[in-house]
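**Q**
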Amino acid sequence: MFSGVRWYVAGFVFDFDFDHWRELAEKDPAAFFAARKALLERFIQSAPSRMDADLRSLQEMVDLSRAEAGTPDIAVGRLMGMLGDHLGALAGHMRQLRDQSDQLAALIPERD
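Listed below in structure tokens is the structure:
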């Protein structure tokens with residue numbers, strides 16, 4: 158029985174069966190990591206080619222953070238911090254975009 162979710166990400170569709178992945182990790186860790194690597198590669202390949210280097214760099218940061226953490230709990234905390242940093246940067250860029258848009262709007266004469 159399927160006990161996961163179906164994800165649609167940037168044109169990439171895949172079913173993620175939590176029970177299958179958990180069982181694979183418990184029974185055959187080497188197969189789990191090989192399947193994980195293959196899935197991540199398929200996802201990166203499905204993205205526009207201009208994103209390839211950024212996605213690979215991000216995955217390397219995630220993998221390094223997980224390896225250095227020592228425990229899953231610490232790894233999750235570090236990854237959540239990384240996500241928070243990226244969301245904070247995105248919010249800053251959105252504020253800059255809004256400010257620049259407001260400045261441009263002030264330069265355009267109003268029409269009657």
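Note that my numbering numbers the sequence shown so that position 30 is 187, with each residue one more than the last. Think of the CB as a built atom: it goes at the ideal place given N, C-alpha and C, for glycine as much as any other residue. Here the structure is a predicted model, which is why all the values come from computation and not from measurement.
1. Roughly how many angstroms lie between the CA atoms of E217 and L264, to the nearest whole one?
2. Alpha carbon to alpha carbon, how far is F189 from F175?
3. Ignoring anything shorter than 4 residues or poking outside the segment 183–256, list the alpha helix (DSSP H) runs there in chain order.
4. Please report how far the alpha carbon of F159 lies from the alpha carbon of S214, in whole angstroms.
5. Spatial neighbours of A232 within its chain, please: C-beta separation below 8 Å, excluding the five flanking residues on both sides.
6. Could you tell me how far apart the beta carbons of L212 and A204 are, in whole angstroms, since I believe they sit closer than 8 Å?
7. Taking just the CA atoms, how far does R255 sit from R179?
8. How many Å lie between L236 and L244 at the Cα?
9. Just verifying my parser: in three-state terms, what is the DSSP assignment at E180?
10. Check whether the Cβ atoms of L181 and A195 lie closer than 8 Å to each other.
**A** Walking through what the data contain:
1. Numbered from its first residue, the sequence shown carries residue 217 at position 60. Numbered from its first residue, the sequence shown carries residue 264 at position 107. Whole-angstrom Cα-Cα distance: 44 Å.
2. Within the sequence shown, numbered from 1, the residue matching residue 189 stands at position 32. Within the sequence shown, numbered from 1, the residue matching residue 175 stands at position 18. Taking the straight line joining both Cα atoms gives about 12 Å.
3. 186–203, 209–226
4. Within the sequence shown, numbered from 1, the residue matching residue 159 stands at position 2. Within the sequence shown, numbered from 1, the residue matching residue 214 stands at position 57. Any reading at F159 needs caution, since the residue's pLDDT is 48, under 50, leaving its predicted position unreliable; the model's value is listed next. Cα-Cα distance, rounded: 32 Å.
5. Sequence index remark: in the sequence shown, residue 232 carries index 75 (1-based). Within the same chain, A232 has close Cβ partners S222, R223, A226.
6. Your numbering for residue 212 matches position 55 in the sequence shown. Your numbering for residue 204 matches position 47 in the sequence shown. Their Cβ separation, rounded to whole angstroms, is 6 Å, which keeps L212 and A204 in contact under 8 Å.
7. Translated into positions along the sequence shown, residue 179 becomes position 22. Translated into positions along the sequence shown, residue 255 becomes position 98. If you take the alpha carbons of R179 and R255, they lie about 44 Å apart.
8. Mapped onto the sequence shown, residue 236 falls at position 79. Mapped onto the sequence shown, residue 244 falls at position 87. So the two alpha carbons sit approximately 12 Å from each other.
9. Indexing the sequence shown from 1 puts residue 180 at position 23. Reduced to three states, the DSSP call for E180 is helix.
10. Here residue 181 is taken as the residue at index 24 of the sequence shown, counted from 1. Here residue 195 is taken as the residue at index 38 of the sequence shown, counted from 1. No, the Cβ-Cβ distance between L181 and A195 is not below 8 Å.
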